[in-house]
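A quick write-up on the structure given underneath.
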Ligand SMILES: Cc1cc2nc3c(=O)[nH]c(=O)nc-3n(C[C@H](O)[C@H](O)[C@H](O)COP(=O)(O)OP(=O)(O)OC[C@H]3O[C@@H](n4cnc5c(N)ncnc54)[C@H](O)[C@@H]3O)c2cc1C
Ligand code: FES
Ligand code: FES
């Protein structure tokens, strides 16, 4: 099908974009890469009155590392651009690995990093990476600026705490501390498909033991799922088969995925647990 | 059926929306794009997809429309040197861009190296997927990457073929595209700018 009629406005600055978004009388949607929004419009599952294109805003188009060594990824940065960035590859390798799992090169050439976060597909990779790496999301509207922790940002399938008039302007990934390591694990039936299940693991090491742990799953719930009990099970000990077994039994208790045509709930849970074991071991090896 | 015309500024090609406009004039936009090397100016409605602009307004029917949701790759073209889905791009988003379609590959009726490889390896049956696959492979070939089997499969992964089983497609892509070393940076420089 073809989209129903709408008005299109290309914004050339953040100020112009948030002014356009502030017009409360009409249904207005941000258009970033369009790789999720245009399928929705083509299938007529959405009928916005106006699209505000943010990809022509120069101030949103760059990846910058600040004096604290945190990396800022602007809302117009395409996934392909982030995937090719050597600073991300060395400083935040799980982000690069995760982007490599999004669709196909042709999708990543247009889709944006921030658009994926704002869309929050339950099977998408980047929301889980943002939660695992403690990212901060910056939202702007005519009412002002909000800095949101990734942990509070995603509030359900295809839903975030962004208000209608807010523009996500950038996502900030803090520098990863020394003696920390991360791993990204995903299973999908075919390369490029959305994940059947996946996990992002981040560990910090103090001497011989795990001092902090993050286990964030995707594809197994409506939003990224963090399992605190499994994280607890890994603390204050080295990673060993018995500590991962303890984490797995916590996971099996806490994870509650749904079944669909791609996988039953029981298979998804088993898959998630096995991916977690691989991820925990790899993150531990990378703790250096 | 009309033969696709090579002259994109031919007076018979419609420069304005076809049929009665369905929305208020504020939804119309003047765009300037370069299509297969020729400058084109046209007026488009906001909701016109780039693939429909190419097919219905410019008569470039080589680009195919399959799923209209980004999954099949039949509509793959190059925008500013990289492969994109023309069903998930609005014509108005392409304003100011350089667009290339499968019609740009053969020069004066001569198939190029990539097309010849698909011919010789029998890399198609019905041919519906072929324009998209050729453009995905053109994007890969023009990149500066090393092109091994993995790179070929990664770039073919976004294009579905319901006929061939992919073996001959892969063989054709190998024949035309494999290269052990990355291209010198300056050859690809204009696209990275
Ligand atoms: C064939 C195919 C396969 C795919 N596979 C995957 C996959 O495996 N994993 C995956 O994660 N994704 C996948 N995607 C989706 C892709 O990653 C999208 O690029 C991404 O989900 C949305 O980013 P976008 O820039 O295209 O956003 P758009 O489509 O432009 O926007 C998506 C939504 O977010 C809103 N939005 C976008 N940017 C902002 C902003 N800055 N502020 C506020 N709101 C905003 C829009 O209003 C819209 O509601 C796939 C898409 C296709 C077509
Ligand atoms: S028609 Fe565009 S991807 Fe199928
Ligand atoms: S040759 Fe028929 S779809 Fe590929």
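Residue numbers (the numbering used here), protein chains in the order written: chain A, 1 to 288; chain B, 289 to 481.
By construction, the Cβ of each residue, glycine as well, lies at the ideal position given by its N, Cα and C atoms.
Please read all numbers here as calculations on a predicted model, not as lab measurements.
Separation of residue j from residue i, as counted between CA atoms
i, j, result
"residue 6(A)", "residue 41(A)", "10 Å"
"residue 185(A)", "residue 352(B)", "35 Å"
"residue 161(A)", "residue 33(A)", "20 Å"
"residue 246(A)", "residue 279(A)", "15 Å"
"residue 380(B)", "residue 253(A)", "51 Å"
"residue 207(A)", "residue 150(A)", "29 Å"
"residue 463(B)", "residue 405(B)", "6 Å"
"residue 319(B)", "residue 304(B)", "11 Å"
"residue 290(A)", "residue 62(A)", "Residue 290(A) is absent from the model: chain A starts at 1 and stops at 288."
"residue 213(A)", "residue 73(A)", "25 Å"
"residue 229(A)", "residue 181(A)", "20 Å"
"residue 223(A)", "residue 35(A)", "19 Å"
"residue 292(B)", "residue 389(B)", "Residue placement at residue 292(B) is poorly supported in this model, since its pLDDT is 47, which falls under 50; the coordinates still yield a value, given next. If you take the alpha carbons of residue 292(B) and residue 389(B), they lie about 12 Å apart."
"residue 342(B)", "residue 377(B)", "12 Å"
"residue 374(B)", "residue 421(B)", "13 Å"
"residue 469(B)", "residue 424(B)", "20 Å"
"residue 299(B)", "residue 394(B)", "24 Å"
"residue 154(A)", "residue 236(A)", "30 Å"
"residue 94(A)", "residue 419(B)", "34 Å"
"residue 286(A)", "residue 201(A)", "11 Å"
"residue 31(A)", "residue 51(A)", "6 Å"
"residue 315(B)", "residue 334(B)", "5 Å"
"residue 324(B)", "residue 347(B)", "13 Å"
"residue 210(A)", "residue 234(A)", "7 Å"
"residue 367(B)", "residue 430(B)", "13 Å"
Residue interval of the alpha helix (DSSP H) (run including residue i)
i, result
"residue 242(A)", "241-254"
"residue 258(A)", "Premise fails: residue 258(A) is in no alpha helix (DSSP H) and is neither H nor E."
"residue 222(A)", "Careful: residue 222(A) lies outside any alpha helix (DSSP H) and carries neither H nor E."
"residue 373(A)", "Since the first residue shown for chain A is 1 and the last is 288, residue 373(A) is missing from the structure and cannot be characterised."
"residue 31(A)", "No alpha helix (DSSP H) contains residue 31(A), which is instead part of the beta strand (DSSP E) from 28-31."
"residue 290(A)", "Chain A is shown from 1 up to 288; residue 290(A) falls before or after that span and cannot be answered."
The beta strand (DSSP E) enclosing residue i, as first and last residue numbers
i, result
"residue 284(A)", "Careful: residue 284(A) lies outside any beta strand (DSSP E), inside the alpha helix (DSSP H) at 265-286."
"residue 57(A)", "Unbroken run through residue 57(A): none, as it is neither H nor E."
"residue 327(B)", "326-333"
"residue 186(A)", "180-187"
"residue 523(B)", "The structure shown does not extend to residue 523(B), since chain B is modelled only from 289 to 481, so the question has no answer here."
"residue 388(B)", "386-388"
"residue 370(B)", "370-373"
"residue 364(B)", "364-367"
Helix, strand or coil at residue i according to DSSP, with G and I counted as helix
i, result
"residue 304(B)", "coil"
"residue 407(B)", "helix"
"residue 83(A)", "helix"
"residue 72(A)", "strand"
"residue 14(A)", "helix"
"residue 6(A)", "coil"
"residue 393(B)", "coil"
"residue 65(A)", "strand"
"residue 346(B)", "coil"
"residue 339(B)", "helix"
"residue 399(B)", "coil"
"residue 175(A)", "coil"
"residue 376(B)", "helix"
"residue 88(A)", "helix"
Three-pair Cβ contact test at 8 Å for the segment 190-210 of chain A versus the segment 163-175 of chain A: Three or more beta-carbon pairs separated by less than 8 Å are not found between the segment 190-210 of chain A and the segment 163-175 of chain A, which leaves the two stretches without contact.
In chain order, each alpha helix (DSSP H) run of at least 4 residues that lies wholly inside the segment 101-171 of chain A: With a minimum length of 4 residues, the continuous alpha helix (DSSP H) runs that stay inside the segment 101-171 of chain A are 105-108, 113-119, 125-132, 150-153.
Three or more C-beta pairs below 8 Å linking the segment 449-464 of chain B and the segment 404-418 of chain B: In this structure the segment 449-464 of chain B lies against the segment 404-418 of chain B, because at least three pairs of beta carbons, one per stretch, are closer than 8 Å.
Segment contact, 8 Å Cβ cut-off, at least three pairs: the segment 72-83 of chain A with the segment 106-119 of chain A: The answer is yes - the segment 106-119 of chain A touches the segment 72-83 of chain A, with three or more Cβ pairs under 8 Å.
Any alpha helix (DSSP H) of 4 or more consecutive residues that is wholly inside the segment 406-481 of chain B: Here the runs fully enclosed are 418-430, 437-444, 455-465, 473-480.
Any beta strand (DSSP E) of 3 or more consecutive residues that is wholly inside the segment 188-223 of chain A: The qualifying runs are 197-206, 209-218.
Any 3 or more C-beta pairs closer than 8 Å across the segment 41-58 of chain A and the segment 10-25 of chain A: Touching, per the Cβ criterion.
Meets three-Cβ-pair contact criterion under 8 Å: the segment 98-108 of chain A and the segment 125-141 of chain A: Short answer: they touch.
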